[in-house]
Amino acid sequence: MTVAAEAWLRMRKQADAAQMEIMLRMESCKIQKAKLLREMAQQYQGGPFEQTLNACAAQIICGGEVIPLPKSPYVLHTAGEIGNALGITANHVGRIANQYGLKNSEYGELVLDVAAHSAKTVRTFRYYESVIPIIKDKLREEGRL
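Add 202 to a position in the sequence shown, counting from 1, and you land on the number used in our numbering.
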């Protein structure tokens with residue numbers, strides 16, 4: 203074997219080793235992410251948040267959906283969607299819901315969501331269809347509809 207061929211072979215082995223090191227570090231990062239999700243899931247024992255976080259952890263490790271995400275039996279709407287339908291702002295929807303105690307399991311549910319302007323995961327309330335007529339009535343009472 204020539205000197206050039208030996209040098210090329212050595213460089214190739216080094217490149218392969220470096221690539222393997224990068225792959226191992228990436229796998230290690232995936233495992234760390236999954237561990238963090240599992241730790242977060244322990245805070246929400248028995249609820250849909252726990253199921254969601256565990257499903258996400260499994261998806262990271264396996265590279266695809268292994269455990270399906272829990273689904274609500276109802277169609278969920280954001281305050282913005284309800285506001286658009288009623289011609290008011292999302293903020294106003296939230297204020298009415300807070301004022302009249304509509305943020306409960308009868309009218310919606312808390313979901314984990316990614317914050318609009320950051321990478322934070324936050325709890326947000328999503329509303330069922332059944333809350334729309336109630337908010338309409340409250341707007342009529344306020345003289346806003």
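Ideal Cβ placement from N, Cα and C applies to all residues, glycine included. In this text the structure is predicted, and so the values were computed from the model without any measurement.
For Thr323, the three-state DSSP class (helix, strand or coil)
Walking along the sequence shown from the start, residue 323 turns up at place 121. Strand, per DSSP.
Would you tell me roughly how many angstroms separate the C-alpha atoms of Tyr302 and Ala236, rounded to the nearest one?
Numbered from 1 along the sequence shown, position 100 holds the residue referred to as residue 302. Numbered from 1 along the sequence shown, position 34 holds the residue referred to as residue 236. Tyr302 and Ala236: Cα-Cα distance of roughly 39 Å.
Quick check on this structure: which residue in Gln234, Ile262 and Lys273 has the alpha carbon closest to the alpha carbon of Gln253?
Position 51 of the sequence shown holds residue 253. Here the closest residue by C-alpha is Lys273.
Cβ-Cβ distance between Val313 and Leu278 below 8 Å:
As a working note, residue 313 is residue 111 in the sequence shown. As a working note, residue 278 is residue 76 in the sequence shown. Yes, the Cβ-Cβ distance between Val313 and Leu278 is below 8 Å.
Alpha helix (DSSP H) runs wholly inside the stretch 231-275, at least 4 long, in chain order
250-264
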